[in-house]
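Before any comments, here is the structure.
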Amino acid sequence: MFDLDRWREIFQSINKNRLRSVMSGFTVAFAILLFTLLFGVVSGLSNSFTSAFSDDAQNSMFVRVWKTSMPYKGLQTGRTVQLKNDDYNFVTEEYESKIQYQSARIYKNFTLKYKNEASSYSVRAVNPDHQFLEKTIIDEGRYLNERDLKEKSKVIVIGRLIKKDLFGEKPALGKRLNVNGSSYLIIGVFSDEGGDNEERLAYIPVTTAQMMYGNNDYISQINLGYNPNLSLDAAIAFGNQMERDMRKRLNIHPDDQSALSVRNMAEANKGVGQFMGILYAIVILVGSGTLIAGIIGISNIMIFVIKERTKEFGIRKALGAKPSSIVGMVVQESVLITTIAGYLGLSLGTYILSLIGNSLEEDYFIKDPSVSTGIVIGATVVLVLSGLIAGYLPAKRAANIKPIVALRAD
Numbered sequence: 001m002f003d004l005d006r007w008r009e010i011f012q013s014i015n016k017n018r019l020r021s022v023m024s025g026f027t028v029a030f031a032i033l034l035f036t037l038l039f040g041v042v043s044g045l046s047n048s049f050t051s052a053f054s055d056d057a058q059n060s061m062f063v064r065v066w067k068t069s070m071p072y073k074g075l076q077t078g079r080t081v082q083l084k085n086d087d088y089n090f091v092t093e094e095y096e097s098k099i100q101y102q103s104a105r106i107y108k109n110f111t112l113k114y115k116n117e118a119s120s121y122s123v124r125a126v127n128p129d130h131q132f133l134e135k136t137i138i139d140e141g142r143y144l145n146e147r148d149l150k151e152k153s154k155v156i157v158i159g160r161l162i163k164k165d166l167f168g169e170k171p172a173l174g175k176r177l178n179v180n181g182s183s184y185l186i187i188g189v190f191s192d193e194g195g196d197n198e199e200r201l202a203y204i205p206v207t208t209a210q211m212m213y214g215n216n217d218y219i220s221q222i223n224l225g226y227n228p229n230l231s232l233d234a235a236i237a238f239g240n241q242m243e244r245d246m247r248k249r250l251n252i253h254p255d256d257q258s259a260l261s262v263r264n265m266a267e268a269n270k271g272v273g274q275f276m277g278i279l280y281a282i283v284i285l286v287g288s289g290t291l292i293a294g295i296i297g298i299s300n301i302m303i304f305v306i307k308e309r310t311k312e313f314g315i316r317k318a319l320g321a322k323p324s325s326i327v328g329m330v331v332q333e334s335v336l337i338t339t340i341a342g343y344l345g346l347s348l349g350t351y352i353l354s355l356i357g358n359s360l361e362e363d364y365f366i367k368d369p370s371v372s373t374g375i376v377i378g379a380t381v382v383l384v385l386s387g388l389i390a391g392y393l394p395a396k397r398a399a400n401i402k403p404i405v406a407l408r409a410d
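For what it's worth, UniProt numbering labels the leading residue of the sequence shown as 1, then goes sequentially.
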């Protein structure tokens, strides 16, 4: 129950010993402040890594080929390796259960023209799944579909900034766009979290590009999204197996790193996860050490305070006060000081993070440093427990002293 008299005594004790109360709180406030700043900075680093990979799906894999740098099976160095539709189909059939999305990609640079407005842009010929691999956001119309591929339709999906460059504020959906001398129907306008460069891209069906620009079955790249049910280790093993199989299929030396690469986001995610885990472990270690130092500091101060109040406790016990009431009063005072000081340290740390957040992002690539709700709740629990630990042990010792001994204390 709420005991008003006890709270009055607690506040009177705090007011009477202001310096001691401030010093008690300062140790905890500083510990929580440092803890908050460290966690905020590490959280900002995590946000930076997440932002760096935000343009692509987190389960992406990219298969690309170049020229060989090593002879293999009688084939000379410098041979150009070329991916084809058969290679794309091989990946589809061989690893069907491990693939969520798949798309070929062909790179082109074309002049896009609408009436008197014209400029050069990167055009990518892709499959419909490319939308999910690239995390493309359709603002108007639609993305490419299987019918567009089957019919080799001359349709195009343009980025938001291409629309702005060529059409201004006028609608672009349904208009005809001159693409390197050929007329394409605009079926969609998209935006992309990857920034301006990604929003100055255009997409056409891969089959249309093969028919219109070379009349062949060549592709530049195979993009995959591995099954999200795979663990990171399983996804890495899948990528390594696919790379070995593709090297055999394309007659590339197993050690020739220049001819073929499989960039697997699972490897990057695992590396980032391990790095962030180490950082968080260091922060927890340092922060916990600082917090323990704060608890020890406030415990020492409470021991000194209780020693000063030994006679008072003796009088209370002589008048019939139970040891539990004395312990409860001291613990409540300790918890109150610790909680208030901890909240101030947490608030100050959060304020400092918000104040320096922009400069950290500009100078050190630490994006949006902040402390999560879970950390705040955890810190609050730690504060209460710290106050209990700091006040209980010395109070318990003092409450067990016999009244006659306490009254004789100097």
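Every residue gets a Cβ at the ideal spot worked out from N, C-alpha and C, and that includes glycine.
query, result
"Neighbourhood of residue 180 by C-beta, 7 angstroms cutoff - its chain only, sequence neighbours within 5 removed", "110 and 111"
"Segments assigned alpha helix (DSSP H), at least 4 residues, entirely inside the stretch 83-113", "85-94"
"Residues that residue 118 bridges to, as DSSP identifies them", "113"
"The stretch 330-345 contacting the stretch 28-45, beta-carbon criterion three pairs below 8 angstroms", "yes"
"Rounded Cβ spacing between residue 44 and residue 366 (contact assumed at less than 8 angstroms)", "4 angstroms"
"Contact with chain B by residue 99, beta-carbon distance below 8 angstroms", "Checking the listed chains, one finds no chain B in this structure; it contains a single protein chain."
"Local Cβ density within 10 Å of residue 332, reported as buried at 16 or more and exposed below that", "buried"
"Cutoff 8 angstroms; reference residue 1; Cβ partners in own chain excluding five residues on either side", "Any reading at residue 1 needs caution, since the residue's pLDDT is 47, under 50, leaving its predicted position unreliable; the model's value is listed next. Once the five neighbours on either side are set aside, residue 1 has no close Cβ partner at all."
"C-beta atoms of residue 328 and residue 36 nearer than 8 angstroms", "no"
"Buried/exposed call for residue 398, threshold 16 Cβ in 10 Å", "buried"
"Cβ pair count under 8 angstroms reaching 3, the stretch 75-94 against the stretch 284-297", "no"
"Contact check, residue 393 vs residue 299, beta carbons under 8 angstroms", "yes"
"C-alpha distance - residue 396 paired with residue 323, whole-angstrom precision", "8 angstroms"
"Assigned exposure category for residue 104 - 16 Cβ within 10 Å defines buried", "buried"
"Presumed contact (8 angstroms Cβ cut-off) between residue 227 and residue 99, rounded CB distance", "7 angstroms"
"Secondary structure of residue 209, DSSP reduced to three states", "helix"
"Cβ contact check for the stretch 68-77 and the stretch 250-257: 3 or more pairs under 8 angstroms", "yes"
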